[in-house]
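Chains A and B, in that order, are what the protein sequence lines are. Position in the first sequence (first residue = 1) + 586 = our numbering. Position in the second sequence (first residue = 1) + 586 = our numbering. Glycine is no exception: its CB is placed at the ideal position from the N, C-alpha and C atoms. Treat the numbers as computed from the prediction; the structure is a model and nothing was measured.
Number of protein chains: 2
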Amino acid sequence: MTTKENAKSAPRPRGRPRAFDMETALDTGQRLFHASSYEAVGLAALTDALGVKPPSFYKAFGSKSEFFEQVIERYAQAALALDEILLPGRAPVDALAELLESAARTYARDPQRRGCLVLEAARGPDGDDSATHARRVANQRRDRIREFVARTHPERASAVTDFMASTMSGLSASAREGMDESRLLDVARTAVAGLKAQLGMD
Amino acid sequence: MTTKENAKSAPRPRGRPRAFDMETALDTGQRLFHASSYEAVGLAALTDALGVKPPSFYKAFGSKSEFFEQVIERYAQAALALDEILLPGRAPVDALAELLESAARTYARDPQRRGCLVLEAARGPDGDDSATHARRVANQRRDRIREFVARTHPERASAVTDFMASTMSGLSASAREGMDESRLLDVARTAVAGLKAQLGMD
DNA sequence: CATTTTCTTTAGTGGTCACTACAAAATCCT
DNA sequence: AGGATTTTGTAGTGACCACTAAAGAAAATG
Chain A
587 MTTKENAKSA
597 PRPRGRPRAF
607 DMETALDTGQ
617 RLFHASSYEA
627 VGLAALTDAL
637 GVKPPSFYKA
647 FGSKSEFFEQ
657 VIERYAQAAL
667 ALDEILLPGR
677 APVDALAELL
687 ESAARTYARD
697 PQRRGCLVLE
707 AARGPDGDDS
717 ATHARRVANQ
727 RRDRIREFVA
737 RTHPERASAV
747 TDFMASTMSG
757 LSASAREGMD
767 ESRLLDVART
777 AVAGLKAQLG
787 MD
Chain B
587 MTTKENAKSA
597 PRPRGRPRAF
607 DMETALDTGQ
617 RLFHASSYEA
627 VGLAALTDAL
637 GVKPPSFYKA
647 FGSKSEFFEQ
657 VIERYAQAAL
667 ALDEILLPGR
677 APVDALAELL
687 ESAARTYARD
697 PQRRGCLVLE
707 AARGPDGDDS
717 ATHARRVANQ
727 RRDRIREFVA
737 RTHPERASAV
747 TDFMASTMSG
757 LSASAREGMD
767 ESRLLDVART
777 AVAGLKAQLG
787 MD
């Protein structure tokens, strides 16, 4: 309480102020990576798009893969919010059906950024940092599905989660290859029919 | 009939004979690409594994992407032969169930070469030659599935084929992320339950 | 034998990759 | 004003990428 301090504004740091907004940069990076892929977006293209020279980028984010880590964490938080779909008490079949259909719609929505940024990045080279981060984020979301299903169907939770994970990967891949929204929705609905066989028809 | 000619052996060509076997090279290349990916196997690693220097490789195959084109054509011919599964007269649900379960087994069989070489390559950069070739080969196989289904269910053929394509991509992706054979088989069987809803229970 | 043809070898090519050493510029603190 | 601190722009780094020019070596042909 010695000097003025507001809840929001951080006290101005000491040295030269950063000349660009990191959130905007993450957003631009997300668009770039989603449009093609982590590997396909070189540092030159990235820094050009951000309007930032490489040394500034590295001061701010550490490395390309650390930048990407922040990007996918942001993306996973924003896209397909599980909280709004996996509501406690809701019938799993209904919730998972909505999740698959939402995925179908989301993956085809923007023709320039098809599929799921996380799931596509998870297919990168096995030892790569970007793929490792993406798989970690994907697995966190799968854990939430498993926990949700386990509340009502503890015995089927793992099998159902595997099926959801595989189906979402398939939807993302198909979206990337150009399958449009209505076809993806048909795929999702056929998958839901499979889910009903696992979880009961309700 | 002027000189000796056998049905099998081509008459020795004129210049210095090739010092390696192209079929063996394609086979080795297939293993390498399948173990990691087209992009991850550099020309140096490739030619080292083949025991062949770059200029010989280029004389024989033209380019890395042309070599890969031959590799995936070979692979598509050998793995998961559709002729043996999509038998005319067979109930589509049965045939497609066998196809999905065979895929699950095949994709997990060799822990060092998980998933489908073609489907994984089909996810490469959009403009890339390797991805273009892989998608062409994948679509040829999807056409055969569509034709097979259309014989008995012409109205559902496209939707069923989309679901098969998406599910196979999902199985391949899951295999790549480490899902073992029994889990992949469970996923395949759940997908078959979805197929039955589309094609009738039989 | 010499010539022609084809492949193999040696030794590179330019291009792109992620990343950085260094010094100038912009801010805060005393 | 005079440091102290942090970010900036300039200008590169070495490593790897797919690929190749040039010359030597191995075969068939004449």
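Taking 8 Å as the CB-CB limit, is residue i close to chain A?
| i | result |
| --- | --- |
| Met787 (chain B) | no |
| Gly756 (chain B) | yes |
| Ser752 (chain B) | yes |
| Ala783 (chain B) | yes |
| Arg721 (chain B) | yes |
| Arg600 (chain B) | no |
| Arg604 (chain B) | no |
Taking residue i as the query, report the chain A residues whose CB atoms sit under 7 Å from its CB, ordered along the chain.
| i | result |
| --- | --- |
| Asp715 (chain B) | Result: empty, since nearest Cβ-Cβ is about 14 Å, beyond 7 Å. |
| Pro711 (chain B) | Ser622, Ser623 and Ala626 |
Is any beta-carbon of chain B found at less than 8 Å from that of residue i?
| i | result |
| --- | --- |
| Glu591 (chain A) | Low confidence applies to Glu591 (chain A): its pLDDT is 35, below 50, so where it sits in the model is not reliable, and the reading given next is rough at best. Judged by the 8 Å Cβ criterion, Glu591 (chain A) is not in contact with chain B. |
| Ala743 (chain A) | no |
| Ala635 (chain A) | no |
| Ala707 (chain A) | no |
| Ala779 (chain A) | yes |
| Lys594 (chain A) | Bear in mind that a pLDDT of 40 at Lys594 (chain A), under 50, signals an unreliable position, so the model cannot answer this. |
Interface residues of chain A around residue i at Cβ under 9 Å?
| i | result |
| --- | --- |
| Asp748 (chain B) | Ser760, Met765, Arg769, Leu770, Asp772, Val773 and Thr776 |
The stretch 734-741 of chain B in contact with the stretch 687-696 of chain A per 3-pair CB rule at 8 Å: no
Contact between the stretch 723-734 of chain B and the stretch 743-751 of chain B is defined here as three or more beta-carbon pairs at a separation below 8 Å; is this criterion met? Using a Cβ-Cβ distance cut-off of 8 Å, the stretch 723-734 of chain B and the stretch 743-751 of chain B are in contact, since at least three pairs of beta carbons, one from each stretch, lie closer than that value.
Could you tell me whether the stretch 634-650 of chain A touches the stretch 671-680 of chain A, using the rule of 3 or more Cβ pairs below 8 Å? no
Indicate whether the contact test is met: 3 or more Cβ pairs, each with one atom in the stretch 615-625 of chain A and one in the stretch 652-662 of chain A, closer than 8 Å. yes
At a cut of 8 Å, does the stretch 766-775 of chain A reach the stretch 708-718 of chain A through at least three beta carbon pairs? no
Does the stretch 623-635 of chain B come close enough to the stretch 691-700 of chain B that 3 or more CB-CB pairs lie under 8 Å? no
For the stretch 659-672 of chain B and the stretch 759-770 of chain B, state whether three or more C-beta atom pairs, one from each stretch, are separated by less than 8 Å. no
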